[in-house]
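Engineer: Dropping the structure in here first, questions after.
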Amino acid sequence: MPAKSMEELVSLCKRRGFIFQSSEIYGGLQGLYDYGPLGVELKRNLKAAWWRAMVHERDDVEGLDAALLTHHQVLRHSGHEDTFSDPLVDCRRCRSRWRADQIGGACPACGAKELTEPRPFNLMFKTTVGPVEDGASFAYLRPETAQGIFTNFKNVLDATSRRLPFGIAQMGKAFRNEITPRNFIFRTREFEQMELEFFVAPGEDEAWHRHWLESRLEWWAAQGVPRQALRVYEVPPEELAHYSKATYDLMYRFPHGVEELEGIANRTDFDLGAHSKDAADLNLSAQVEENQDSTARLALRDEASGEWRVPYVIEPSAGVDRGVLAVMNEAYAVQELDSGATRTLLRLKPHLAPIKVAVLPLKRNHENIVANARRIKRDLQALGLGRVFYEHTGNIGKGYRRHDEVGTPMCVTVDFQTIDDDSVTVRERDSMAQVRVPSAALGDFVKERLATG
Ligand code: GAP
Numbered sequence: 067m068p069a070k071s072m073e074e075l076v077s078l079c080k081r082r083g084f085i086f087q088s089s090e091i092y093g094g095l096q097g098l099y100d101y102g103p104l105g106v107e108l109k110r111n112l113k114a115a116w117w118r119a120m121v122h123e124r125d126d127v128e129g130l131d132a133a134l135l136t137h138h139q140v141l142r143h144s145g146h147e148d149t150f151s152d153p154l155v156d157c158r159r160c161r162s163r164w165r166a167d168q169i170g171g172a173c174p175a176c177g178a179k180e181l182t183e184p185r186p187f188n189l190m191f192k193t194t195v196g197p198v199e200d201g202a203s204f205a206y207l208r209p210e211t212a213q214g215i216f217t218n219f220k221n222v223l224d225a226t227s228r229r230l231p232f233g234i235a236q237m238g239k240a241f242r243n244e245i246t247p248r249n250f251i252f253r254t255r256e257f258e259q260m261e262l263e264f265f266v267a268p269g270e271d272e273a274w275h276r277h278w279l280e281s282r283l284e285w286w287a288a289q290g291v292p293r294q295a296l297r298v299y300e301v302p303p304e305e306l307a308h309y310s311k312a313t314y315d316l317m318y319r320f321p322h323g324v325e326e327l328e329g330i331a332n333r334t335d336f337d338l339g340a341h342s343k344d345a346a347d348l349n350l351s352a353q354v355e356e357n358q359d360s361t362a363r364l365a366l367r368d369e370a371s372g373e374w375r376v377p378y379v380i381e382p383s384a385g386v387d388r389g390v391l392a393v394m395n396e397a398y399a400v401q402e403l404d405s406g407a408t409r410t411l412l413r414l415k416p417h418l419a420p421i422k423v424a425v426l427p428l429k430r431n432h433e434n435i436v437a438n439a440r441r442i443k444r445d446l447q448a449l450g451l452g453r454v455f456y457e458h459t460g461n462i463g464k465g466y467r468r469h470d471e472v473g474t475p476m477c478v479t480v481d482f483q484t485i486d487d488d489s490v491t492v493r494e495r496d497s498m499a500q501v502r503v504p505s506a507a508l509g510d511f512v513k514e515r516l517a518t519g
């Protein structure tokens, strides 16, 4: 049962410490959010799951972590300086500004139809580098992580001796000066991406494109966003980004409407060609500007013919923040209990849950119970499963409700019986079932439940 409204999710996020408006005490800065104590865990867990699947579990992908500040030549040759813009209109009456393609001919603020002609507004943030402001020493905050991968293509190739097909994966911040950031963490000005650039021989690109579509759908299902919650949208030619020959967008039903969660693009030889020295000699399929600024040829020499070949690129590019929103939306449920009361719960997959296990002493001032609870917390923490939380409120019912709401898969209660026979009560989030487990067997029990959960 997905969330009924964005308000419910926003309220849960703030109340329980997942996500806060950035610079809130100064009135907030639009389109920017901060991840709180539980949000940072959830987001890191989602990114770790992506890295595991895209890098560690494959034998054909390398990782990268490139700088966020990017040489302006990179974004000139990539086409972003010229084309990375949205159409901006001003309302002549109330002076508000809007994205022309998101409004229906009238100002959403005051209803006036007197709008300016749309003009392109470049979304990249520009900043000066170093102490001299001479106009030439500027850089951009990267609008996608992908360009750092293309500009390091030769470095990675030389360092790893890879042959096609192979990929380079990267995740991290990207920045876009969105005209109208909105819908909570869906469209922000600073966000994170998880991107893979998978380099293939020309001619094999379409088969790999389909492969990555299937693989990404499977990955989202493993994060709790099932296949039936996603729609595959084949982007029509007139809507394609400047570098793309074909793109599949994975569309998800967010609380505010059906929108893109991830794009899987066939970027052809556009980017490597655009960043290559003497691009005109490379027999590219893509239209790229002649490049005399680069010092490298981003191509591989074909072993049989000796000719230089620029690989094609398939790019699955997912938004981390949109992923967090989708995962939370799918997991969120309000359940009616037999007693007539309701409980709110986040049925997160255990590997994503911010807290894996909460340990609750029945009495918070009982020395022996507290000592046992602390020992159990320490032992569970040492298993390396993620965060184990010592919950010292001393109110078991409240503790269960709180942990249901933040998605903790299991609560372990330490009580008087623990002192007698060294056993604890394990209470499971989804079924609310309670079982008694000897504390010596608790580690294996918890590991097994988290793995199968
Ligand atoms: N390298 C390809 C690329 O950047 P994109 O479709 O512009 O393609 C990829 O972005 C993903 O990044 C999107 O599917 C979305 O999940 C995320 N994304 C893009 N703009 C965003 C924004 N303003 N706020 C949050 N996430 C965003």
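Under the working numbering, the first residue of the sequence shown carries the number 67, and numbering increases by one thereafter. In this text, a Cβ means the ideal position worked out from N, Cα and C, and glycines have one as well.
1) Excluding the five sequence neighbours on either side, which residues of its own chain have a C-beta within less than 6 Å of the C-beta of Leu449, listed in chain order?
2) Have a look at Phe482 and Asn461 and give me their C-alpha separation to the nearest angstrom.
3) Where are the beta strand (DSSP E) runs, 3 residues long or more, that stay fully inside the segment 287-351, in chain order?
4) Cutting at 6 Å between CB atoms, please list the residues of its own chain near Arg158, excluding the five before and the five after it.
5) Which residue's Cα is closest to the Cα of Asp335: Phe219, Val155, Glu107 and Asp387?
6) Once you ignore the five residues that flank Val266 on each side, which residues in its own chain have a CB closer than 7 Å to its CB?
7) Take the Cβ of Glu210 as the centre, count every other Cβ of all protein chains shown within 10 Å, and call the residue buried at 16 or more, exposed below.
8) Going by C-alpha to C-alpha distance, which of Arg363, Pro184, Val436 and Ala384 sits closest to Trp374?
9) Using a Cβ-based criterion (distance less than 7 Å to any ligand heavy atom), does Arg248 qualify as near the ligand GAP?
10) Please state the DSSP three-state secondary structure of Lys70.
11) Please determine, among Asp126, Lys343 and Leu189, the residue with the shortest C-alpha to C-alpha distance to Thr226.
12) What are the start and end residues of each continuous beta strand (DSSP E) run of 3 or more residues lying completely inside the segment 344-391, in chain order?
13) Taking 6 Å as the limit between beta carbons, can you name the residues of its chain near Pro184, skipping five residues before and five after?
14) Quick test of the definition: if touching needs 3 or more C-beta pairs under 8 Å, does the segment 306-323 touch the segment 413-432?
15) Determine, using beta carbons only, whether Phe252 and Arg388 come nearer to each other than 8 Å.
16) Which same chain residues, not among the five before or five after Glu300, have their C-beta less than 7 Å away from its C-beta?
17) To which residues does DSSP link Trp164 through a beta bridge?
18) Can you check which of these residues, Arg142, Ala114 and Val140, is closest to Gly129 by C-alpha distance?
19) For Asn438, count neighbouring C-beta atoms within 10 Å of its own C-beta (all shown protein chains included) and say buried if the count is 16 or more, exposed if not.
20) For the alpha helix (DSSP H) that contains Glu90, what are its first and last residues?
21) Just checking my contact of Thr459 with Arg430 at CB under 8 Å: how many whole Å lie between their CB atoms?
22) Tell me the rounded alpha-carbon separation between Val393 and Arg367.
23) Taking one C-beta from the segment 137-149 and one from the segment 258-272 each time, how about it: are there three or more such pairs within less than 8 Å?
24) Can we say the segment 199-215 touches the segment 348-361, given the rule of at least three CB pairs closer than 8 Å?
25) Quick check: what's the CA-CA separation for Gly238 versus Met260?
Structural biologist: The structure says:
1) Apart from sequence neighbours up to five positions away, the residues of its chain that approach Leu449 with a beta-carbon distance below 6 Å are Gly509, ordered along the chain.
2) Going from the Cα of Phe482 to the Cα of Asn461 covers about 15 Å.
3) Counting only runs of at least 3 residues, the segment 287-351 fully encloses the following beta strand (DSSP E) elements, listed from N- to C-terminal order: 296-300, 312-320 and 323-334.
4) Leaving aside the five residues that flank Arg158 on each side, the residues in its chain whose CB is nearer than 6 Å to its CB run, in chain order, Glu180.
5) Taking only the C-alpha atoms, the option nearest Asp335 is Phe219.
6) Leu230, Pro231, Trp274, Pro377, Tyr378 and Ile380, listed in sequence order.
7) With a 10 Å radius around the Cβ and a threshold of 16 neighbouring Cβ atoms, Glu210 comes out buried.
8) Nearest option by C-alpha distance: Arg363.
9) In this structure, the ligand GAP has no non-hydrogen atom nearer than 7 Å to the beta-carbon of Arg248.
10) Three-state result, Lys70: coil.
11) The residue with the shortest Cα to Cα distance from Thr226 is Asp126.
12) DSSP runs (the beta strand (DSSP E)) wholly in the segment 344-391: 378-385.
13) Same-chain partners within the cutoff: Pro153, Val155 and Ala166.
14) With a cut-off of 8 Å on Cβ pairs, the segment 306-323 is not in contact with the segment 413-432, counting fewer than three such pairs.
15) Arg388 sits close to Phe252, with the two beta carbons spaced by under 8 Å.
16) Counting only Cβ-Cβ distances below 7 Å, and skipping sequence neighbours, we find Tyr314.
17) For Trp164, which the question treats as bridged, DSSP gives the partners Val155.
18) Comparing Cα positions, the closest option is Ala114.
19) Asn438 should be labelled buried.
20) No alpha helix (DSSP H) contains Glu90, which DSSP labels as neither H nor E.
21) The Cβ separation is near 7 Å, so the contact holds.
22) C-alpha separation (whole angstroms): 43 Å.
23) Output reads no: the segment 258-272 does not touch the segment 137-149.
24) No: fewer than three Cβ pairs fall under 8 Å.
25) Their backbone Cα atoms lie some 7 Å apart in a straight line.
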